[in-house]
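*Asks:* As you go down the protein sequences, you meet chains A and B in turn. Anchor point for the first sequence: position 307 equals 307 in UniProt numbering, and the numbering is continuous, going up by one each time. Anchor point for the second sequence: position 312 equals 312 in UniProt numbering, and the numbering is continuous, going up by one each time.
Protein chains: 2
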Amino acid sequence: MSAPQIPEQATEQATEAAEPATEQATEQTQDTPVLATARRARTASAELAPAPRATRDAALLAVADALLARTDEIVAANAEDVAAARAAGTPASVVDRLTLTPERIAGIASDVRDVIALPDPVGQVQRGSTLPNGLELRQVRVPLGVVGIIYEARPNVTVDAAALCLKSGNAVLLRGSSSARASNTALVAVLRDAVASAGLPADAVQLVPGESRESVKELMRARGLVDVLIPRGGASLIRTVVQESTVPVIETGTGNCHVYVDESADIDTALAILVNSKAQRPSVCNAAETVLVHAGIAADFLPRALTALAEAGVTVHGDAAWQATGEGVVPATDEDWGCEYLSYDIAAAVVPSLDAAVEHIRTWTSGHTEAIVTQDTSAARRFTTLVDSAAVMVNASTRFTDGAQFGFGAEIGISTQKLHARGPMGLPELTSTKYVVTGDGHIRP
Amino acid sequence: MSAPQIPEQATEQATEAAEPATEQATEQTQDTPVLATARRARTASAELAPAPRATRDAALLAVADALLARTDEIVAANAEDVAAARAAGTPASVVDRLTLTPERIAGIASDVRDVIALPDPVGQVQRGSTLPNGLELRQVRVPLGVVGIIYEARPNVTVDAAALCLKSGNAVLLRGSSSARASNTALVAVLRDAVASAGLPADAVQLVPGESRESVKELMRARGLVDVLIPRGGASLIRTVVQESTVPVIETGTGNCHVYVDESADIDTALAILVNSKAQRPSVCNAAETVLVHAGIAADFLPRALTALAEAGVTVHGDAAWQATGEGVVPATDEDWGCEYLSYDIAAAVVPSLDAAVEHIRTWTSGHTEAIVTQDTSAARRFTTLVDSAAVMVNASTRFTDGAQFGFGAEIGISTQKLHARGPMGLPELTSTKYVVTGDGHIRP
């Protein structure tokens, strides 16, 4: 089974491969500012990756201290961004996410201290054995290398992402929103000084230069220099990166989450989970966007659900059964089934069976989180087996899909793809592995 | 740290997302033959993924039996391909890899039986805990879904890949070489009948229709239908897939492997490892392509290495030091350092230090396997820490990087990328995970 691969045209191949890996990857003879930045990150990564935990932790401690010491500088820079955003008529909620206060900066610094306390993923032995011939095999976690993060006007992400990357031995390339430029510049200056003060290369933390779409595209084509891109933001950004990047991408965040109320559900439990999943914080990716109800319980459940949802301020976009149950139900279309509202809205349907619910979910889900409410162990088992999403909840709110809730301490995003990482991504997901094989002159017979 | 992501333009996003996941992914209203095949694979995957191990193993047993029972049919189809290849003047080594004999088919069937005996990766609990609030968290291995394999004129890969995918609960799309079309058609017919006889969907195993580059391109754009593509073959094929695929890709196989002979190496050990790494089977990806020798041992090592390599029939492409040491050394250029010869050739240089060897490797390696020969524990430790490749050997031949040698039983390729899988890929690497979270009416406060 394990016959190695024998290329058919070795000669042609040999000629093609005769370029250094990085040149080959970027196909650039002259570095643009973005590629020069990525190349510096690569160099910094080679120095950072083998640094012991104590050094990486010292750098993080210096970051936390410097954030507090230089709060005034950061707040002043942030004020520029906030003023510009207000002048541009940016919605208040976005301005709020953009705003840094001394209290918020203290909170960010405290988060950095929490990251210091997390277990070090680097060097963990994932598996190991002594082979029959005496070779000692170990699979060891190593940093990915250079991690690129593309995100929005939330300056706290600048520090969060850098802290998680430093902790896991990765150089980070930060591509924030132009509307947070002054804030990010100030924060990255603080981060770089702190990293350098611990004896690590300042280029382990860099802002990606340029504000144009073109600079993002260059980042996406810097294969060989950047090891992974993690886009955090709206569906359109994520789709662009997925479609155009030759650098491997981890898709995050889009959450069209479902709550399925089984025939055997306890109605009070189902109501509590539904309202919590939808309305506890509707603007986030693990909030529910659709409720599916088994026909066998619909007559009892729907009227109470309409009341509970109305009390929570939620508008229901329902199918015929929901519309027939109460006033104020907006007729649902296919657009609703595919919709991540991120608001006080929910799509609602009645389904003839658990399998029909699974089929609906398979058709429309973004693969983030689905929940079943049931008292029937067979139904729970069938649902968790058949539903193929990052997280499947039994008798629990969709809102629990979260790195902190899962006990991972921190997360860099929630992956909705299947390769490499799925669900909340903590420090281990920012690492790769390598095999270290130790012999005593072993050769293959 | 774990604040969820709040897209800035929820409204725009909501409109965009209002399409079923698969439509959205393929952006096709009318399915082409390739997309129709991928869609059937997706449907088959939904049925195959939850099938218990006993059913999947029964299908594999039926495959092994049917390969033996239908050997004549397979050999007859293969004879067409072989005759066409000979008529086209195909090199004898390629014709040999294409050829199926009753003995080879029996060997392939025996390999399938070996796969049956491997541990089932599906359903393995990777981690689990009871959270402080009583939620029970389990991270469980699940099949990836639909796996696409693009490969060359080696019909044994058709069965190997299908067997590993079936064992791990994945539907497989096989895109072999047109020069093996008759063989692959016969083999896939056998596979499909056997799978169906075990009560699983025949569409779990399909050939990708079409022989043009265009059909490969369609496969590469079938995001949402195909979960991962694994190209196995020449560097040019792999590069094309990496550059153009929107489906996630696992890069395999290119091996520009290095042997570094440290100052402290035992010379006999170093000679044995060098010759074994280069010449035991030069046509494979884990064969060495470059030898780097510490200057402090060069005067003793180089003359003996030249003799040993010459005896093994290896041509040395050396730097000035190697050229000065003996007759017949071809002057090396940058092309040699980047070259995967896959032949009885080796690039050779003398380096001033271990760190210079690491720097050379970092510049030129494809990230497959590098070996150090040394008696110095500090040197071994520094080399294994600084070299960032899928496998790092200490006092062992590069030829050991192999799924069977590592004790994984079988491999679907050797990944040279860092995401998801690195090094020999066995059954666990053909799976993803999902979180199953069980509560008792848990909601977030």
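For glycine and all other residues, C-beta sits at the position ideal for the given N, C-alpha and C. Note that the coordinates shown come from a computational prediction; the quantities given were computed from them, not determined experimentally.
Expressed to the nearest angstrom, what Euclidean distance is found between the alpha-carbon atoms of L222(A) and E214(A)?
*Replies:* Correcting the residue identity first, residue 222(A) is Ala in this sequence and not Leu. Their backbone Cα atoms lie some 12 Å apart in a straight line.
*Asks:* Confirm, please, whether the CB-CB distance from V226(A) to G148(A) is below 7 Å.
*Replies:* Their beta carbons are under 7 Å apart, which means G148(A) touches V226(A) by this criterion.
*Asks:* Is the number of C-beta pairs between the stretch 60-69 of chain A and the stretch 93-112 of chain A that are closer than 8 Å three or more?
*Replies:* Flag = yes, the stretch 60-69 of chain A and the stretch 93-112 of chain A touch.
*Asks:* Comparing alpha-carbon positions, which option in I267(B), L67(B), A356(B) and L309(B) lies nearest I297(B)?
*Replies:* Measuring from the Cα of I297(B), the nearest candidate turns out to be I267(B).
*Asks:* Rounding to the nearest angstrom, what Cα-Cα distance links S93(A) and T99(A) in this structure?
*Replies:* Distance between the alpha carbons of S93(A) and T99(A): 10 Å.
*Asks:* Closest to L135(A) by C-alpha separation, out of D440(B), P428(B), G407(B) and E429(B), would be which residue?
*Replies:* Checked all of D440(B), P428(B), G407(B) and E429(B); the closest Cα to L135(A) is G407(B).
*Asks:* Confirm, please, whether the CB-CB distance from P50(A) to T315(B) is below 7 Å.
*Replies:* Not closer than 7 Å, so no.
*Asks:* Can you list, in chain order, the residues of its chain whose CB lies under 6 Å from that of D355(A), leaving out five sequence neighbours each side?
*Replies:* Result list for D355(A): empty, nothing under 6 Å.
*Asks:* Please state the DSSP three-state secondary structure of V358(B).
*Replies:* Three-state DSSP puts V358(B) in a helix.
*Asks:* With a threshold of 7 Å between beta-carbons, can K278(A) be considered close to chain B, or not?
*Replies:* So, not an interface residue.
*Asks:* Keeping to the same chain, check which residues put their C-beta closer than 6 Å to that of A272(A); ignore five residues upstream and five downstream.
*Replies:* Answer for A272(A): no residue qualifies.
*Asks:* Whole angstroms is fine: what's the gap from A308(A)'s alpha carbon to E327(A)'s?
*Replies:* C-alpha separation (whole angstroms): 14 Å.
*Asks:* In chain order, what residues of the same chain lie with their CB nearer than 7 Å to the CB of F301(B), ignoring the 5 residues before and after it?
*Replies:* For F301(B), where only same-chain residues beyond five positions count, the Cβ hits under 7 Å are V261, I267, A270 and V293.
*Asks:* Taking R399(B) as the query, report the chain A residues whose CB atoms sit under 8 Å from its CB, ordered along the chain.
*Replies:* Result: I443 and R444.
*Asks:* Do A162(A) and S179(A) come within 7 Å of each other at the CB atom, strictly closer than that value?
*Replies:* Cβ distance not < 7 Å, so S179(A) and A162(A) don't count as in contact.
*Asks:* Under the rule that 16 or more other beta-carbon atoms within 10 Å means buried, what is S129(A), buried or exposed?
*Replies:* That one is exposed.
*Asks:* Of all Cβ atoms in chain A, is any one closer than 7 Å to the Cβ of D227(B)?
*Replies:* Closer than 7 Å to some Cβ of chain A, the Cβ of D227(B) qualifies, so yes.
*Asks:* Name, going along the chain, the residues of the stretch 273-304 of chain A whose beta-carbon falls closer than 9 Å to a beta-carbon of chain B.
*Replies:* Hits within the stretch, in order: I273, V275, N276, S277, Q280, R281, S283, V284, C285, N286 and A287.
*Asks:* Return the chain-ordered list of same chain residues with a C-beta closer than 8 Å to the C-beta of V82(A), the five sequence neighbours on each side being excluded.
*Replies:* Closer than 8 Å at Cβ, skipping near neighbours: V95, L98 and T99.
*Asks:* How is the alpha helix (DSSP H) around E103(B) delimited, first residue to last?
*Replies:* Here the alpha helix (DSSP H) through E103(B) covers P102 to A117.
*Asks:* Ignore the nearest five residues each way along the sequence and tell me which others in G318(A)'s own chain have a CB closer than 6 Å to its CB.
*Replies:* The residues are V329, A332 and A348.
*Asks:* Are any of the Cβ atoms in chain B nearer than 7 Å to that of T158(A)?
*Replies:* It does not; no Cβ of chain B falls within 7 Å.
*Asks:* Hey, does T240(A) have any beta-carbon neighbour from chain B nearer than 7 Å?
*Replies:* Not one chain B Cβ lies under 7 Å of T240(A).
*Asks:* Is T433(B) close to chain A? Criterion is C-beta to C-beta, closer than 7 Å.
*Replies:* Answer yes: the Cβ-Cβ gap between T433(B) and chain A drops below 7 Å somewhere.
*Asks:* What residue range does the alpha helix (DSSP H) around K217(B) cover?
*Replies:* Looking at the DSSP string, the run of the alpha helix (DSSP H) that includes K217(B) is R213 to M220.
*Asks:* Of all the residues that make up the stretch 32-53 of chain A, which are near chain B by a beta-carbon distance shorter than 8 Å?
*Replies:* Answer set for the stretch 32-53 of chain A: A46, A49 and P50.
*Asks:* Can you pull the chain A neighbours of L309(B), defined as C-beta to C-beta under 9 Å?
*Replies:* By Cβ distance, chain A contributes nothing, its closest Cβ being about 15 Å from L309(B), past 9 Å.
*Asks:* Return the CA-CA distance between I238(B) and N256(B), expressed in angstroms with no decimal places.
*Replies:* Rounded to whole angstroms, I238(B) to N256(B) spans 15 Å at the Cα level.
*Asks:* Using a Cβ-Cβ cut-off of 7 Å, state whether M393(A) counts as contacting chain B.
*Replies:* Closer than 7 Å to some Cβ of chain B, the Cβ of M393(A) qualifies, so yes.
*Asks:* Could you have a look at A36(B) and say whether DSSP puts it in helix, strand or coil?
*Replies:* A36(B): helix per DSSP, three-state reduction.
*Asks:* Is the stretch 392-400 of chain B close to the stretch 82-91 of chain B, with three or more CB pairs under 8 Å?
*Replies:* As far as the Cβ criterion goes, the stretch 392-400 of chain B does not touch the stretch 82-91 of chain B, which means the pair count is below three.
*Asks:* Within its chain, find whatever has a CB closer than 6 Å to the CB of S283(B); leave out the 5 residues flanking it on each side and keep chain order.
*Replies:* Cβ neighbours of S283(B) beyond the five flanking positions: L342.
*Asks:* Classify E16(B) as helix, strand or coil using the three-state DSSP reduction.
*Replies:* Summary for E16(B): the model assigns pLDDT 36, below 50, so the residue's position carries little reliability, and this model does not support an answer.
*Asks:* If we ignore side chains and look at the alpha-carbon of each, how far apart do T374(B) and A380(B) end up?
*Replies:* T374(B) and A380(B): Cα-Cα distance of roughly 7 Å.
*Asks:* Pick out the complete beta strand (DSSP E) segments inside the stretch 243-320 of chain A, 3 residues or longer, and give them in chain order.
*Replies:* Whole beta strand (DSSP E) segments, 3+ residues: 257-261, 288-294 and 315-318.
*Asks:* Measure from the C-beta of A396(B) to each C-beta in chain A and report whether the shortest distance is under 7 Å.
*Replies:* Yes, A396(B) counts as interfacial toward chain A.
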